[in-house]
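For what it's worth, the working numbering labels the leading residue of the sequence shown as 257, then goes sequentially. We put the beta carbon where it would ideally sit given N, CA and C, even for glycine. Fair warning: this is a prediction, and the values are worked out from it, not measured in the lab.
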Amino acid sequence: MKKNNTINEFSNKWQNMQKESWKNNKGEIVDFFNKYVQDVSELYDFLICLDYKKQQRIFYLLSKIRKVIKICDFLDSLKKEKNEDVDKIKIFLLISHAEITINTFYQKDVNNNSSHRELVKKFFAPIVDRYGLDYKVRITIDDINKIKDATFSSIFYDIRCEYVHKGNYTGIIFKNEKSEDCAYNFFFFEKKSQTINGECKLTYKEFINIYLDALVENIKIFSNYNELSKKV
């Protein structure tokens with residue numbers, strides 16, 4: 257009995273330390289999101305009032321995505337400064353984090369019933385129509401019949417799989433920032449021994465903004481922010 261009490265005391269102390277740390281990290285997180293997408297100050301105030309289990313899932317994911325984007329931004333600097341071919345590596349990192357996000361938020365629901373492709377679709381679902389993503393990342397007309405699922409999220413998932421399973425990281429995906437707004441970048445990837453050609457109207461920076469918007473929307477859904485914040 258005494259041992260159990262000691263374990264509980266330690267667990268409570270550890271949880272309180274973490275909650276205090278998350279509370280103190282508000283400025284860093286808000287500054288991070290302001291750089292890319294939007295002001296999350298009010299959302300953060302809401303999150304630090306949630307129960308510990310929900311807080312833990314959310315704040316661990318926020319810690320991971322900050323590291324992932326630091327790596328992606330570094331890779332992007334290599335592309336700009338040394339013309340390195342790194343777009344597929346960036347997509348691998350970000351799409352993998354999208355899978356992790358949905359797995360973390362909905363473990364019981366997704367582990368038995370959803371493919372990894374479906375996890376990525378679920379991640380982008382809240383914002384795919386907002387940005388017209390299925391129009392901005394698409395398969396060329398000549399190749400549209402080569403692929404069963406030609407949605408934006410599925411195309412990026414296939415690029416992620418090409419890197420993971422075949423080690424193929426070559427091929428520029430994102431549009432150059434200096435290109436005209438109406439321009440597309442043409443790219444290709446392999447799927448089931450077929451070469452699939454596609455078109456991308458997004459720059460890397462635009463994709464990061466969209467990606468983080470999707471993450472924020474998923475956090476709001478998981479935390480029930482839109483409903484509960486109205487009652488505060």
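Pick out whichever of the options has its Cα sitting closest to the Cα of residue i.
i: A439; options: I304, E455, K447, A406; result: E455
i: D343; options: K392, I321, A354, L331; result: L331
i: E340; options: C328, L350, S267; result: C328
i: S371; options: K422, A354, S319, L458; result: A354
i: A406; options: H421, F445, L350, N424; result: F445
i: K275; options: Q311, V286, L389; result: Q311
i: N432; options: K461, K346, Y308, G423; result: K461
i: Y425; options: V293, K346, K309; result: K346
i: L389; options: R322, I466, I397; result: I466
i: Q294; options: I477, E483, I464; result: I464
i: L468; options: I403, Y387, I395; result: Y387
i: R394; options: K323, T360, L458; result: L458
Leaving out five residues on either side along the sequence, give the residues of the same chain with a beta carbon under 6 Å from the beta carbon of residue i.
i: N447; result: First, the residue type needs correcting, since residue 447 is Lys and not Asn in the sequence shown. D414.
i: F380; result: S409, A470
i: F348; result: R416, Y419
According to DSSP, which residues form a beta bridge with residue i?
i: C456; result: V393, N441
i: K447; result: Q450
Leaving aside the five residues before and after residue i along the sequence, list all residues of the same chain whose C-beta is less than 8 Å from its C-beta, in chain order.
i: L306; result: I314, S479
i: E473; result: P382, I383
Who are the near neighbours of residue i in its chain, counting only those whose CB is closer than 7 Å to its CB and skipping five residues on each side?
i: K335; result: V342
i: F443; result: G427, I428, I429, G454, C456
i: I358; result: V366, L375, K378, F379
i: R373; result: S410, Y413
i: I321; result: H353, L471
i: L318; result: I285
i: N482; result: K476
If you run the structure through DSSP and keep just helix, strand and coil, what is residue i?
i: F315; result: helix
i: C305; result: coil
i: K431; result: coil
i: N480; result: coil
i: G423; result: coil
i: R386; result: coil
i: V296; result: coil
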